[in-house]
């Protein structure tokens, strides 16, 4: 396993653990919606962790190909989220907009982290 | 406030962040960013909660120059919980129907050919049985104890117990002149 791969996987694990922890804290503090927002973030991290595992499986030892495969998926998957956000915006549905923006913010952060990790060493 | 609106409002209030927003708005009207700053939440999280509060009728919004200001809908919070509980329920008709069905089941179980088979041990069931017996009495008429005993004896041999229980259940009244059927 390459250094970047290890870093990226560790990043996902830390984020997922952190979301779980915050979700529990919010739930204990009677903030159920915020607790659910953390679960939404956690789901996004889980989805892209799985995608990264698939990239690892499909691209073998080619780190650059892995990164490209991953970033391509990171562009494709959120398209529906963006469309859903726009639709909610048109209908003035602030609740739906917030949920979609959590997903979009999270994938933006994941992409930035991916770029950062690979830029550091390539 | 309808039952559905009350449920929506109670669900909405059962959240600490939303309660904090309402507390802030009870002090003064505020815009999203001000609430976000005050409560340490992101503006979009505040908007999310305000949307829910607005849908539940707990807050209202109005435009003030560039800002959308939010204010507490004081009218809704002046409604007492007792008033909400006393509202005619959407379920009222169904409940009345279920009560009538239960009553008929008890009558069918304890009466046979107009005779009481046994005095129910459960107070709720006994009450139904006593109400049926009370229907044999006319309103606005004074009965002697003997007349009361004869009427009750048509239903069951233990007329003394039933007579006493009917008085305790306030189905019959009694004084020195005799017994009478009480209004519900």
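Protein chains in written order, with the numbering used here: chain A, 1027 to 1148; chain F, 98 to 281. Glycine residues also receive a C-beta, built at the ideal position from the N, C-alpha and C atoms. Since the structure is predicted, the reported quantities are computational estimates derived from the model, not experimental observations.
Shortest Cα-Cα distance from residue 1066 (chain A) to any of A:1135, A:1129 and A:1142 involves A:1129.
In terms of Cβ geometry, residue 1110 (chain A) and residue 1135 (chain A) do not form a close pair [threshold 7 Å].
Chain order gives the chain F residues near residue 1057 (chain A) as 112, 113 and 114, where near means a beta carbon separation below 7 Å. Around residue 1028 (chain A), no beta-carbon contact reaches into chain F at under 7 Å, the shortest distance being about 35 Å. Contact annotation: the region 158-169 of chain F touches the region 127-145 of chain F, with at least three C-beta pairs closer than 8 Å. DSSP places residue 98 (chain F) outside both helix and strand once states are collapsed to three, so it counts as coil. Within the model, the alpha-carbon separation for residue 121 (chain F) versus residue 102 (chain F) is close to 23 Å. Rounded to the nearest whole angstrom, the C-alpha separation of residue 223 (chain F) and residue 280 (chain F) is 18 Å. Residue 160 (chain F) carries a strand assignment under DSSP once its states are collapsed to helix, strand and coil. Nearest C-alpha to residue 124 (chain F) among F:110, F:171 and F:159: F:171. In this structure, residue 1057 (chain A) and residue 114 (chain F) form a Cβ contact; the two beta carbons are roughly 5 Å apart against a cut-off of 8 Å. With respect to residue 252 (chain F), residue 227 (chain F) sits apart: the two C-beta atoms are not nearer than 7 Å. Residue 1049 (chain A) is outside the set of residues whose beta carbon lies under 7 Å from a beta carbon in chain F. Interface with chain F (7 Å Cβ-Cβ cutoff): residue 1109 (chain A) is excluded. Between residue 1042 (chain A) and residue 1071 (chain A) the beta-carbon gap is near 5 Å, inside 8 Å, which marks them as a contact. Out of F:98, F:201, F:140 and F:272, the CA that lies nearest to the CA of residue 241 (chain F) is found in F:272.
The beta carbon of residue 126 (chain F) is closer than 6 Å to those of 166 and 168 in its chain, skipping five residues each way along the sequence. Between residue 276 (chain F) and residue 245 (chain F), the C-beta spacing is below 7 Å. At a cut-off of 7 Å between C-beta atoms, residue 107 (chain F) does not count as an interface residue with respect to chain A. Burial is judged here by how many other beta carbons sit within 10 angstroms of a residue's own beta carbon; residue 257 (chain F) has fewer than 16 and is exposed. Here residue 212 (chain F) is bridged, per DSSP, to F:209. Shown here, residue 138 (chain F) sits in coil according to DSSP, grouped into three states, outside any helix or strand. Residue 160 (chain F) has a beta carbon lying at 7 Å or more from every beta carbon in chain A.
Taking 7 Å as the threshold, the shortest C-beta distance from residue 1127 (chain A) to chain F falls below it.
Under a criterion of Cβ atoms nearer than 8 Å, the residues of chain F adjacent to residue 1121 (chain A) are, in order, 145, 148 and 149.
By the Cβ-count criterion, residue 1105 (chain A) is exposed, with fewer than 16 other Cβ atoms from all chains shown falling within 10 Å of its own Cβ. The C-beta of residue 168 (chain F) comes no closer than 7 Å to any C-beta of chain A.
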